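Visitor: Each residue of the sequence shown is one higher than the one before, starting from 4 at the first, in the working numbering.
Where is the CB? At the ideal position from N, CA and C, for every residue including glycine.
If you're wondering where the values come from, they're calculated on a predicted model, not measured in any experiment.
If you scroll down you'll find the structure; I have some questions about it.
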Amino acid sequence: MTQQPSGWYDDPSDPTMLRYWDGVTWTSHTAPRKSPTASQSTIGHADQAPTTPLPQGGWRAHSPQPGPPPQYPGDYPGAGQQNPYGGQNPYGGQYPVAPQPQAWMRGPVTADGVPLASWGKRFGAWLIDGLILAALSYFALQLFAPGYWDTVQQFVDLASTGDQTAVEGQIGKLTEESLKASIVTWLTITAYCVAFWTTTSQTPGKMVLRISVRRADRPGALDLATALRRRLLSLIQLIPFISGIYAVIWLLDGLWPLWDNQRQALHDKVGATQVVEGRQPRRPS
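Take a look at the structure:
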C-alpha cells in the first residue's frame, strides 16, 4: 500500500486553508490557500513595448531575454511559475491546488472532514491509561478507603474456613466498603479524564497514539459539561441492584466503535463526542 507523501493539502476542516500532512497524520501547521503576495505578481501581463527611440542606422540595442518569474516571499514552490505545457498558468498567482487524498486516506470522518481514530488506536490508548489509573486508584483507596482491602481479606479468610454464618455476617460490611471503594475509584478516574479532556483533549494514552477527543459538532478541547456527560454512563456501577449488569454495558461500550458508522462508543453518544486523529487546536488565549 503506497503511503501518501508529506506535503501541503486541502485542510479537511477549512476549505479556505491548507494543512501540512507529515506523512503520518495532520499537523497543526496551516496556511491560507491564496498567496498574500499574489497581487505583486506580474505573471499574465503582456510585456510593454519599449518607448525609447531607436538609434540612427536602424540597429537595435540588445535586450536580454526575460528570465523566469521571480519567487515571491511566502509563495510555495510552483506558485507563479510558467506553465511548461503552454496556455495560462494553472495556479493563477495562488497556491497550487492540493491533490485529492489517496484511497488509503479515505475513511469515516467527522462532519467537518477530520479522520476518525481507529478502534485499535483507541484500545491501545485505553490500555496505557488503564495502567496509570490502576496505580492512581490504588493510592486513592489507601487514602480514602483504607478499610476496603482489610475487609476483602477478612471475607476471603472466612470463606476459606467454610463458616457460612460468619461469611453472611461479613457480607454487609463488605458491601459497604465496596461501595465506598467504587465511589473513590470513580471520582479518581473522572478527575483524571476530565482534567485532560478539558485542557489538551488527550489523556496520556491518547497522546502516545496521537489521537484526541472532541465534540461531534466542533473541534477543540471539551467543555466541562461535555466532559462530565461523557462520564455519565459509568455511574451505573454505583447504582444498587443494577450495578451487576455494568460488566455487560462496559463490554458493549468498548466494542461499539467496531460497528458504529461514526466509530462512537456508547459513552461518546451520551456525551456527543468523537475520537479523531491528531491533536485539537488550542483555545485562543
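Buried or exposed for residue 176, going by 16 or more other Cβ atoms inside 10 Å?
Guide: Mapped onto the sequence shown, residue 176 falls at position 173. Exposed, because fewer than 16 other Cβ atoms sit within 10 Å of the Cβ of residue 176.
Visitor: By DSSP, does residue 263 sit in helix, in strand, or in coil?
Guide: Counting from one through the sequence shown, the residue named residue 263 turns up at place 260. Here residue 263 sits in coil by DSSP.
Visitor: According to DSSP, simplified to helix, strand and coil, what is residue 13?
Guide: As a first step, residue 13 must be located in the sequence shown, where it is residue number 10. Of the three classes helix, strand and coil, the one that applies to residue 13 here is strand, per DSSP.
Visitor: Could you give the distance in angstroms between the alpha-carbon of residue 259 and the alpha-carbon of residue 164?
Guide: Start at 1 with the first residue of the sequence shown, and residue 259 comes out as number 256. Start at 1 with the first residue of the sequence shown, and residue 164 comes out as number 161. The straight-line gap from Cα to Cα measures roughly 43 Å.
Visitor: Which stretch, first to last residue, makes up the beta strand (DSSP E) that contains residue 207?
Guide: Numbered from 1 along the sequence shown, position 204 holds the residue referred to as residue 207. First-last for residue 207: 207–212, but that is the alpha helix (DSSP H), not the beta strand (DSSP E).
Visitor: Output yes or no for whether 9 Å exceeds the beta carbon distance between residue 218 and residue 275.
Guide: Reading the sequence shown from its first residue, position 215 is the one you call residue 218. Reading the sequence shown from its first residue, position 272 is the one you call residue 275. Yes, these two residues count as a Cβ contact at 9 Å.
Visitor: Please state whether the Cβ-Cβ distance between residue 269 and residue 236 is less than 9 Å.
Guide: Position 266 of the sequence shown, counting from 1, holds the residue named residue 269. Position 233 of the sequence shown, counting from 1, holds the residue named residue 236. Taking 9 Å as the Cβ cut-off, residue 269 and residue 236 qualify as a contacting pair.
Visitor: Please tell me whether, using a cut-off of 8 Å, the distance from the CB of residue 125 to the nearest non-hydrogen atom of the ligand GDP is below it.
Guide: Of ligands this structure carries none, so the ligand GDP is not represented either.
Visitor: Of all the options 265, 188, 280, which has the alpha carbon lying nearest to the alpha carbon of residue 146?
Guide: Counting from 1 along the sequence shown, the entry for residue 146 is found at position 143. If we check each option's Cα against that of residue 146, 188 comes out closest.
Visitor: Kindly give me the distance between the Cβ atoms of residue 191 and residue 128, rounded to whole angstroms, as I take these residues to be in contact under 8 Å.
Guide: The residue given as residue 191 occupies position 188 in the sequence shown. The residue given as residue 128 occupies position 125 in the sequence shown. Contact flag wrong, Cβ pair sits at about 18 Å.
Visitor: Pick out whichever of 118, 200, 20 has its Cα sitting closest to the Cα of residue 230.
Guide: The residue you call residue 230 lines up with position 227 of the sequence shown. It is 200 whose Cα lies nearest to the Cα of residue 230.
Visitor: Starting from the C-beta of residue 110, find all residues in its chain whose C-beta is less than 8 Å away, skip the five residues before and the five after it, and write them out in chain order.
Guide: Against the sequence shown, residue 110 aligns to sequence position 107. Hits under 8 Å: 118, 119.
Visitor: List the endpoints of the continuous alpha helix (DSSP H) containing residue 232.
Guide: Your numbering for residue 232 matches position 229 in the sequence shown. Per DSSP, residue 232 belongs to the alpha helix (DSSP H) from 227–232.
Visitor: Under a three-way DSSP split, which group does residue 31 fall into?
Guide: For the purposes of this step, residue 31 is taken as the residue at position 28 of the sequence shown. It is a strand residue.
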